[in-house]
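Numbering (the working numbering), first residue to last: 1 to 113.
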């Protein structure tokens with residue numbers, strides 16, 4: 001599997017950006033990526049006040065690379081960038097060595113609010 005991490009700094013984000021990002025992911029972005037061709041899964045991660053990240057895992061390197069190239073062209077104008085007030089500080093491809101499903105099972109959908 002082939003991953004891509006896209007990270008924004010929240011150091012200079014406006015007040016309320018953390019809550020706005022949670023709402024955007026829950027109400028809009030989750031549906032956009034659910035069922036996307038070539039995507040195995042996407043995880044949205046955040047350390048409030050520090051950083052926000054989209055972590056993508058694709059079936060093939062070609063699917064990852066095509067998405068990465070397309071996103072790089074519009075990253076500064078993406079909804080996340082608009083909510084944060086700046087473009088991503090990192091777009092990094094990586095290899096996924098393995099994924100283990102724990103005893104609690106895999107759960108899709110929004111996390112804590």
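Note that CB positions come from ideal geometry on N, CA and C, so glycine has one too.
Keep in mind the model is a prediction, meaning the values are calculated, not measured.
Beta bridge counterpart(s) of residue i as assigned by DSSP
i, result
"residue 36", "Answer by DSSP bridge pairing: none, since residue 36 is not bridged."
"residue 94", "3"
Residue i CB to nearest heavy atom of the ligand MG below 7 Å
i, result
"residue 9", "Questions concerning the ligand MG fall outside what the structure shown contains, since it holds no ligand whatsoever."
Neighbour-count burial assignment, residue i, 16 or more Cβ in a 10 Å radius
i, result
"residue 32", "exposed"
"residue 100", "exposed"
"residue 96", "exposed"
"residue 90", "exposed"
"residue 47", "exposed"
"residue 58", "buried"
"residue 72", "exposed"
"residue 45", "exposed"
"residue 17", "buried"
Anticipated Cβ contact below 8 Å, residue i with residue j, distance rounded
i, j, result
"residue 110", "residue 8", "Contact doesn't hold; Cβ gap of about 19 Å is too wide."
"residue 52", "residue 80", "7 Å"
"residue 54", "residue 6", "5 Å"
"residue 10", "residue 50", "6 Å"
"residue 56", "residue 4", "5 Å"
"residue 2", "residue 60", "6 Å"
"residue 12", "residue 85", "7 Å"
"residue 93", "residue 68", "6 Å"
Terminal residues of the beta strand (DSSP E) in which residue i lies
i, result
"residue 7", "2-9"
Limits of the unbroken alpha helix (DSSP H) element including residue i
i, result
"residue 101", "Taken as a continuous stretch (DSSP letters only), residue 101 belongs to no alpha helix (DSSP H), as it is neither H nor E."
"residue 22", "17-24"
- Query: Along the chain, which unbroken stretches of the alpha helix (DSSP H) at least 4 residues long are found entirely within the stretch 52-81?
  - Reply: 61-74
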